[in-house]
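Notes for the one structure printed next.
Residue numbers (our numbering): 146 to 445.
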């Protein structure tokens with residue numbers, strides 16, 4: 146009998162290991178989940194990036210926020226020394242005048258006169274269109290400041306009269322300040338007398354000014370002028386006190402103008418250096434020195 150050989154099927158894999166424990170089948174599912182999760186995160190990141198990019202582009206292309214106008218109420222706005230257009234825009238927004246800094250800076254960039262905005266106070270409104278606010282700021286006629294000019298040769302009493310006429314304060318308000326001259330910063334050699342220490346010049350009186358700040362500005366200006374000409378050093382070289390030189394200067398201003406001033410000054414010096422006149426014939430307008438100095442070598 147012929148033996149027939151049948152090719153046996155390949156043996157099935159042994160489900161047990163050498164220790165007789167059933168082998169665990171490794172699932173490929175966790176690997177698939179990790180890949181899917183990574184793809185989801187990547188897609189989410191791309192979507193977020195695209196969204197932010199679109200928002201940023203939209204915000205940059207869109208017109209800056211601006212009020213439609215016409216505005217309401219009153220805002221006293223101040224332009225400070227050294228303010229740029231951006232600084233003015235920030236202050237306007239802070240005061241509620243314009244809606245955005247960009248709206249103002251764009252309007253200023255298109256207006257050449259914006260480079261000449263003057264320092265001072267302006268009357269504006271709340272919630273104005275940026276262009277309207279700019280139109281007010283570029284016109285010096287809209288400055289709220291009042292310019293007060295004190296000419297040379299004025300005595301203190303005349304200065305107070307002029308200030309009372311050209312400002313919103315009464316004469317008695319200025320007199321009250323002068324009653325305490327130490328607050329004004331008068332030098333010690335002035336002896337508390339403001340005569341000759343209110344410097345003649347033009348001063349800006351702003352809505353924030355007070356009688357004290359106005360008079361203080363005049364005294365400060367005189368102090369600067371005295372430092373510029375080295376008043377104390379000159380007084381020492383000439384043999385006078387700084388107050389005596391200030392008194393002489395007041396006399397010269399009162400009695401002469403222009404080319405005649407040196408002549409009047411020489412007359413005053415000659416009389417001061419002559420003990421017989423005691424200096425009083427020169428017409429002192431403020432308290433004269435208590436002791437008239439005699440002529441000293443080298444003094445002319």
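For each residue, glycine too, the CB sits at the ideal point set by N, CA and C.
Only a predicted model underlies this, so the values are computations on that prediction, with no experimental measurement involved.
Nearest residue (CA-CA) to residue i, options the options
i, options, result
"residue 339", "295, 329, 348", "329"
"residue 222", "235, 391, 214, 213", "235"
"residue 293", "354, 374, 259, 370", "354"
"residue 218", "241, 416, 295, 323", "241"
"residue 267", "252, 224, 306", "224"
"residue 243", "272, 342, 220", "272"
"residue 346", "366, 336, 247", "366"
"residue 392", "334, 281, 315", "334"
"residue 313", "302, 352, 280, 297", "352"
"residue 220", "281, 356, 336", "281"
Segment limits, beta strand (DSSP E) that includes residue i
i, result
"residue 222", "217-224"
"residue 369", "Looking at the DSSP string, residue 369 is not in any beta strand (DSSP E); the run it does join, the alpha helix (DSSP H), is 356-373."
"residue 376", "Element bounds for residue 376: not the beta strand (DSSP E) but the alpha helix (DSSP H), 376-383."
Element boundaries [alpha helix (DSSP H), containing residue i]
i, result
"residue 282", "275-282"
"residue 232", "230-239"
Supposed contact pair residue j and residue i - C-beta distance, whole angstroms, cut 8 Å
i, j, result
"residue 263", "residue 288", "6 Å"
"residue 249", "residue 275", "4 Å"
"residue 331", "residue 364", "6 Å"
"residue 211", "residue 239", "So it is not a contact: roughly 16 Å between Cβ atoms."
beta-carbon residue i near the ligand GTP non-hydrogen atom, thresh 7 Å
i, result
"residue 346", "This structure lacks the ligand GTP, and indeed carries no ligand of any kind."
For residue i, three-class secondary structure by DSSP
i, result
"residue 247", "helix"
"residue 265", "strand"
"residue 404", "helix"
"residue 202", "The pLDDT assigned to residue 202 is 43, lower than 50, so where the model puts this residue is not dependable; a value taken from the coordinates is nonetheless given after this. Three-state result, residue 202: helix."
Pick out the complete beta strand (DSSP E) segments inside the segment 286-365, 3 residues or longer, and give them in chain order.
-> Within the segment 286-365, the complete beta strand (DSSP E) runs of at least 3 residues fall at 291-294, 347-350.
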